[in-house]
Amino acid sequence: LIQLFRPLDMLGWVYRTIRQGLVDMAAMFRLIDTRVEVEDRPGAPALAVRRPSVTFENVVFGYESERTILHGLSFEVEAGQNVAIVGPSGAGKSTIARLLFRFYDPQSGRILIDGQDIREVTQASVRAAIGIVPQDSVLFNETIGYNIAYGRPRSAGEATHDQIIEAARGAAILPFIEGLPQGFETEVGERGLKLSGGEKQRVAIARTLLKNPPIVVLDEATSALDSRTEQDILGTLRRISRDRTTLSIAHRLSTIADADRILVLEEGRLAESGTHIDLLRARGLYAEMWARQQADGEGLDEAAE
Ligand code: ATP
305 LIQLFRPLDM
315 LGWVYRTIRQ
325 GLVDMAAMFR
335 LIDTRVEVED
345 RPGAPALAVR
355 RPSVTFENVV
365 FGYESERTIL
375 HGLSFEVEAG
385 QNVAIVGPSG
395 AGKSTIARLL
405 FRFYDPQSGR
415 ILIDGQDIRE
425 VTQASVRAAI
435 GIVPQDSVLF
445 NETIGYNIAY
455 GRPRSAGEAT
465 HDQIIEAARG
475 AAILPFIEGL
485 PQGFETEVGE
495 RGLKLSGGEK
505 QRVAIARTLL
515 KNPPIVVLDE
525 ATSALDSRTE
535 QDILGTLRRI
545 SRDRTTLSIA
555 HRLSTIADAD
565 RILVLEEGRL
575 AESGTHIDLL
585 RARGLYAEMW
595 ARQQADGEGL
605 DEAAE
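In the UniProt record's numbering, the protein residues as written are 305 to 609.
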């Protein structure tokens, strides 16, 4: 948070960029450190999303020219599907999310949303179509209501109080907020009420509900929570992903075992893909990772199901 706000104070333009709805991404991708790599093609139209499929076609990408991170990655997520991306640290999982949000363009290959190359449409329209629930959400030193309303595309207009209440209800944080003496007017952040990790995540979920994007990216959204809170939040996340195309980036396999499909990434290549059961049967990298996490005491609940 401090990392974000210091440069904000200094750089008006960064602030304006963030005001335009990038705040959730800032947390995930350290926007401040990210050079402006992509620009809209002159006259680019807005993305038109009818069926929000996501397609990576032979995507080759490296942050630096001498080091390739994704080596010709191809996969498709059909509209409404819930697909998880797992793999060892550094395999390129978050890179996929950054490319989808078009913080960078691939060196070759294409990324399509509903059949449209994201390089051919406006960045604002791509970003409006995607909601992110990052592992550590940025909160402004503002009211909790403001923090929930934040990040809604301008085109959608100001959120009404009723819509904010509905979003808070959907994220299961309404009783908590209503229990505060000043309710939605309570100041949060560094100078106000400190929220726990789980509460911050619920604010991020409420923001996403209010933004109502057709595509959702969940970035290991249940890390660092106690297991009861984790189970509660998982339930809420399942609800928000129900009618949306969802990409879940996960470290702990127990949280994504019920995904429609799991993509196992290894050093920027698709090593395996399938359902949890398919992948256990294949006895490959996923089965190995699963066995290791079980031995470490993770995912016991899911294993029993
Ligand atoms: P983790 O599970 O640890 O979060 P990941 O699979 O999400 O890892 P990425 O964050 O996609 O991995 O990173 C893939 C590779 O790209 C890593 O080797 C990382 O060092 C490198 N990388 C990530 N961001 C940058 C950047 N901004 N500049 C240069 N290299 C980067």
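Positions of the beta carbon are idealized from the N, C-alpha and C atoms, including for glycine.
Whose C-beta lies closer than 6 Å to the C-beta of residue i among residues of the same chain, with five residues either side of it excluded?
i	result
S552	A388, L522 and I560
L478	A472
Y590	V568, E576 and L583
A453	A463 and I468
T426	D344, A348 and A350
Tell me the residue span of the alpha helix (DSSP H) that contains residue i.
i	result
I452	I448 to A453
R596	L589 to A599
F365	Run containing F365: none in the alpha helix (DSSP H); it sits in the beta strand (DSSP E), V358 to F365.
I436	Where I436 is concerned, there is no enclosing alpha helix (DSSP H), although the beta strand (DSSP E) it sits in stretches over I434 to V437.
T490	Taken as a continuous stretch (DSSP letters only), T490 belongs to no alpha helix (DSSP H), as it is neither H nor E.
A510	G501 to K515
Taking C-beta to C-beta, are residue i and residue j nearer than 9 Å?
i	j	result
residue 623	E424	The structure shown does not extend to residue 623, since the chain spans only 305 to 609, so no value can be given for it.
V492	E446	yes
F405	V430	yes
F360	G396	no
V520	G435	yes
L377	G588	no
T399	I415	no
F480	G449	no
Rounded to a whole number of angstroms, what is the C-alpha to C-alpha distance between residue i and residue j?
i	j	result
K504	T464	21 Å
I537	S393	24 Å
V381	S369	28 Å
S558	I566	12 Å
R402	Y408	7 Å
D421	T550	19 Å
Q597	D547	30 Å
Q411	V342	12 Å
L326	R456	A caution first: L326 carries a pLDDT of 46, below 50, which makes its placement in the model unreliable, though a value can still be read off. Their Cα atoms are separated by approximately 10 Å.
V390	R556	8 Å
A460	G578	37 Å
L574	H375	9 Å
A595	N386	23 Å
D337	K515	Because D337 carries a pLDDT of 46, less than 50, the predicted location of this residue cannot be relied on, and the following value inherits that uncertainty. The alpha-carbon atoms of D337 and K515 are separated by roughly 25 Å.
M593	G384	27 Å
D600	L497	35 Å
A476	T490	17 Å
Please work out which residues of its chain come closer than 8 Å, Cβ to Cβ, to residue i, disregarding the five sequence neighbours upstream and downstream, and give them in chain order.
i	result
L443	L305, N451, V492, G493, L499, K504 and V507
G474	I509, A510, L513, T540, R543 and I544
A433	L351, V353, P356, I417, P517, P518 and I519
A586	E576 and G578
Here's the rule I'm using: 16 or more other beta-carbon atoms within 10 Å means buried, otherwise exposed. How should residue i be labelled?
i	result
S357	buried
L484	exposed
L335	Confidence at L335 is low in this model, with a pLDDT of 43, below 50, so its placement is unreliable and the value that follows should be read with caution. By the neighbour-count rule (16 or more Cβ atoms within 10 Å), L335 is buried.
E524	buried
N362	exposed
I581	exposed
Y367	exposed
A563	buried
P346	exposed
A554	buried
In the DSSP assignment, find the unbroken beta strand (DSSP E) run with residue i in it and report its ends.
i	result
R573	R573 to G578
R414	S412 to I417
D403	It should be pointed out that residue 403 corresponds to Leu in this sequence rather than to Asp. L403 -> not in any beta strand (DSSP E); alpha helix (DSSP H) instead, spanning K397 to L404.
G376	L374 to V381
L478	Here L478 belongs to no beta strand (DSSP E); instead the alpha helix (DSSP H) covers L478 to E482.
R565	R565 to E570
Using a C-beta cutoff of 9 Å, does residue i count as contacting chain B?
i	result
A453	Chain labels in this structure do not include chain B; a single protein chain is all it has.
request  = Output the residues surrounding the ligand ZN, defined as those with a CB atom closer than 5 Å to any ligand heavy atom, in chain order.
outcome  = Only the ligand ATP can be found as ligands here, which leaves the ligand ZN out of the picture.
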